[in-house]
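Before any comments, here is the structure.
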Ligand code: MTE
Ligand code: HPA
Ligand code: MOS
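Numbering (the numbering used here), first residue to last: 19 to 792.
Have a look at this one:
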């Protein structure tokens, strides 16, 4: 297989020919949709008047909840999210009214004329207030093993603390967008930038009060989703559909960047409390966590995210006595949602803090503590939820990266540098990642496809996944080409369409190519079996039903031949013509469900994950002690992707995920004012990483000779999310650099993101401590 086949729309991205929602050509009837949202974080809607707005020339519709023909509801799991606010608003940015106009200016004019009378109520804007007021989103969750309290009492050392991790904006380049076009009767065609076409289809049907077979959702490509379009693309789709249905014209909503940032949910902020018991060697005896997540105003995926966080508070470490409790708190902010890592980063940051603090307490290098606590290969290998860590790659990765990153040598150089320099300090950290692959909601681990072969020898694959830049379509193209033994240029991957493949899961949990790839293989096997039987008959094989006949017919290099009789050979294209003449069906669906997984959510026990992906990073930073500014000097990454299907794409995913994680760990800070208004609603105040922030020396490698032993497609492993969490190495390298100012101690509550401000304040505190001032 060609493991560096270029990304299928790479050229299209550069030339601008790749089609996004905004590029779809529509006739002159196209109307611009506008969403009017709440300016209050919490208020009663006493009255509203849309009459003046409706009179504006060019305005075709102004809708409130009263104009929704079906259900006023778009909650994906729990039905607690209204499509348009009724009597109350619960966050700034909540949709209240919809406008469809011929031009944007007319829409904005109409918006100004909408009269709303609010009665402001007290909002809850942070986790602490929610905790004080008992504003829980749902019942707490718990996972436990061993005897935590007793062990904490007897452990040689105990450390307690709190960690805050910040929210994060998805910052997809294409903001939320949807175009709706009516068909015949009640039919509606929805072109959406959604990671979950089937759910978008279901919710559009519900708000319109029609059936799912009347709604077709199509996704050509998404300009980045990162989890932000797993559920929240549904909203824009429902709003566009309502306007389209009301006006009988095509309607497109494409949110402005600032509106998108104000209206949509983010990564969940967490406030985590911990207590850890360990011995003089730094071996973990017991860990107790209490995770508190800021769910925002509605449930969305908060409990699944909390669950994944709880399942990742162990990260790469064996802890015999473990307890983790989790709560989602309800606040008056946009409903927080899926974002790359899906709670994993929040969970891992907590245990990595613990490891770092133990190292500082024992005055050892943190790698020693990490190494001692890594999951074992034969024993010490059962997680707190009872899954055995099989095919552990931690030790092999650790050995290789310690060498390739020259860790020991650089540790010494950095120590020398720090003694010689007063105003610049360097820091170094290695952090591991063990990430569970599978949706933790087990039934979601399924995928379907429809594969067509045409008589010119070309192949068209329809799969249920969505292409969002992660390279899924390219991998699918490679898989289909390899299975049929044809060159990849014969294979085209279609836009995802709910009328071709129904009832799909979201493209999420990094499992898009694992699952859709297997379903493609399954469909192609069906077609190949039909072809092989027919060819065997044509070639006068004796027993066409004997399995050995099928295995002797080989599909390779654009030909089909019988390996036992090399003269029996036909080009793939000629064979397809022949099959058509012989009335053989050249189209098949395919299906896949991940085998052997399942767990009891209530007991918190079982096997939620099909396998784990591992990786490690070593990062080195330099900090300007006077300004708090840091520079990332070098990062080495060694990532386990099994046997890579496409190394170019996989390395791109590792780099992209790491840099996105870097943003979460360092510069991306979300702030709301005391009334719940988002203050950081554009790139001038919200700082995502730029080219300047990429490590000056960036060495990304995939672990070699490492096929995935479990039966994944072509022995590959998922790659989309795991490397995100490698950026914790930068966060801890910064902490390490700061610690060089003092006695390798840093205030325990070193939070995340480590912004310039956080760094400078930590340094100042440490300087005062050194001077004995505090
Ligand atoms: N890469 C790009 N370029 N754009 C994206 O939106 N999303 C990430 C990851 N990589 C994303 C991305 C997230 S959150 C997930 S879950 C996976 O891709 C989803 O795709 P996959 O399952 O096919 O890996
Ligand atoms: N990851 C991503 N999305 C999800 C998950 C998950 O584990 N579960 C439900 N939606
Ligand atoms: Mo990714 S957060 O599972 O869409």
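C-beta atoms are modelled at their ideal positions from N, C-alpha and C, and glycine is treated no differently.
Residue interval of the beta strand (DSSP E) (run including residue i)
{"i": "residue 347", "result": "339–348"}
{"i": "residue 759", "result": "It is not in any beta strand (DSSP E) - residue 759 carries neither H nor E in the DSSP assignment."}
{"i": "residue 262", "result": "Segment 251–265 is the alpha helix (DSSP H) holding residue 262; no beta strand (DSSP E) there."}
{"i": "residue 58", "result": "Counting along the chain, residue 58 falls outside any beta strand (DSSP E), and DSSP gives it neither H nor E."}
{"i": "residue 516", "result": "No beta strand (DSSP E) holds residue 516; DSSP gives it neither H nor E."}
{"i": "residue 431", "result": "Counting along the chain, residue 431 falls outside any beta strand (DSSP E), though it belongs to the alpha helix (DSSP H) covering 425–438."}
{"i": "residue 730", "result": "No beta strand (DSSP E) holds residue 730; DSSP gives it neither H nor E."}
{"i": "residue 147", "result": "Not the beta strand (DSSP E): residue 147 falls in the alpha helix (DSSP H), residues 145–150."}
{"i": "residue 705", "result": "No beta strand (DSSP E) holds residue 705; DSSP gives it neither H nor E."}
{"i": "residue 176", "result": "175–183"}
{"i": "residue 130", "result": "Counting along the chain, residue 130 falls outside any beta strand (DSSP E), though it belongs to the alpha helix (DSSP H) covering 122–130."}
{"i": "residue 162", "result": "159–163"}
Exposure of residue i, with buried meaning 16 or more beta-carbon neighbours within 10 Å
{"i": "residue 633", "result": "buried"}
{"i": "residue 2", "result": "Look at the range of the chain in this structure, 19 to 792, and you will see that residue 2 is not part of it."}
{"i": "residue 436", "result": "buried"}
{"i": "residue 713", "result": "buried"}
{"i": "residue 198", "result": "buried"}
{"i": "residue 245", "result": "buried"}
{"i": "residue 26", "result": "buried"}
{"i": "residue 11", "result": "With the chain covering only 19 through 792, there is no way to say anything about residue 11."}
{"i": "residue 761", "result": "exposed"}
{"i": "residue 249", "result": "buried"}
{"i": "residue 511", "result": "buried"}
{"i": "residue 40", "result": "exposed"}
{"i": "residue 279", "result": "buried"}
{"i": "residue 214", "result": "buried"}
{"i": "residue 501", "result": "buried"}
{"i": "residue 653", "result": "buried"}
{"i": "residue 293", "result": "buried"}
{"i": "residue 697", "result": "exposed"}
{"i": "residue 668", "result": "buried"}
{"i": "residue 229", "result": "exposed"}
Per DSSP, cross-strand counterpart(s) of residue i
{"i": "residue 8", "result": "Any property of residue 8 remains undetermined from this structure, which presents the chain solely from 19 to 792."}
{"i": "residue 354", "result": "Looking at the DSSP assignment, residue 354 forms no beta bridge with any residue, so it has no partner."}
{"i": "residue 487", "result": "BP columns for residue 487 are empty, so no partner."}
{"i": "residue 197", "result": "209, 270"}
{"i": "residue 465", "result": "610"}
{"i": "residue 308", "result": "291, 343"}
{"i": "residue 480", "result": "468"}
{"i": "residue 394", "result": "DSSP output for residue 394 lists no bridge partner at all."}
{"i": "residue 318", "result": "Answer is none; residue 318 lacks a bridge partner."}
{"i": "residue 635", "result": "449, 655"}
{"i": "residue 625", "result": "616"}
{"i": "residue 648", "result": "641"}
{"i": "residue 630", "result": "454"}
Delimiting residues of the alpha helix (DSSP H) encompassing residue i
{"i": "residue 496", "result": "490–502"}
{"i": "residue 14", "result": "Past the boundaries of the shown model lies residue 14; the chain is included only from 19 to 792, so the question cannot be answered."}
{"i": "residue 683", "result": "665–683"}
{"i": "residue 548", "result": "530–556"}
{"i": "residue 375", "result": "362–380"}
{"i": "residue 584", "result": "Per DSSP, residue 584 belongs to no alpha helix (DSSP H); it is in the beta strand (DSSP E), 583–589."}
{"i": "residue 419", "result": "412–422"}
{"i": "residue 279", "result": "275–281"}
Closer than 9 Å to chain D by CB, residue i
{"i": "residue 704", "result": "Looking at the structure shown, chain D is missing, and only one protein chain is on hand."}
* Asked: Are at least three pairs of beta-carbons, each pair with one atom in the segment 140–155 and one in the segment 731–739, less than 8 Å apart?
  -> no
* Asked: Can you find at least 3 beta carbon pairs, one from the segment 679–687 and one from the segment 598–616, that sit closer than 8 Å?
  -> No, they do not touch.
* Answer yes if the segment 348–361 comes into contact with the segment 306–322, meaning at least three C-beta pairs across the two stretches below 8 Å, and no otherwise. => Using a C-beta cut-off of 8 Å, the segment 306–322 makes contact with the segment 348–361, since at least three inter-stretch Cβ pairs fall below that distance.
* **the segment 766–783 in contact with the segment 707–724 per 3-pair CB rule at 8 Å** => In short, these stretches do not touch, since the Cβ pair count stays below three.
* Three or more C-beta pairs closer than 8 Å, one from the segment 592–602 and one from the segment 541–557: is that the case here? -> yes
* If we count Cβ pairs, one from each stretch, closer than 8 Å, do we get three or more for the segment 226–242 versus the segment 173–184? -> no
* Asked: Using 8 Å as the Cβ pair cut-off and three pairs as the minimum, do the segment 60–78 and the segment 121–131 touch?
  -> Contact between the segment 60–78 and the segment 121–131 is present, with at least three C-beta pairs closer than 8 Å.
* To do: Take every Cβ of the segment 633–653, pair it with every Cβ of the segment 748–761, and state whether three or more of those distances are shorter than 8 Å.
  => The count of Cβ pairs closer than 8 Å, one atom from the segment 633–653 and one from the segment 748–761, reaches three, so the stretches are in contact.
* Would you call the segment 600–608 and the segment 454–473 touching, i.e. three or more CB-CB distances under 8 Å? -> Yes, they touch.
* Taking three-plus beta-carbon pairs below 8 Å as touching, is the segment 328–339 in contact with the segment 439–455? -> yes
* **Inter-stretch contact at 8 Å, needing at least 3 Cβ pairs: the segment 439–446 / the segment 486–498** => no
* Is the segment 165–178 in contact with the segment 288–304, if contact means three or more CB pairs nearer than 8 Å? -> yes
* Asked: Between the segment 208–223 and the segment 249–260, are three or more C-beta pairs nearer than 8 Å?
  -> yes
* **Segment contact, 8 Å Cβ cut-off, at least three pairs: the segment 369–381 with the segment 132–140** => Judged by Cβ distances under 8 Å, the segment 369–381 makes no contact with the segment 132–140, as fewer than three pairs qualify.
* Asked: Does the pairing of the segment 280–290 with the segment 341–355 give three or more beta-carbon distances under 8 Å?
  -> yes
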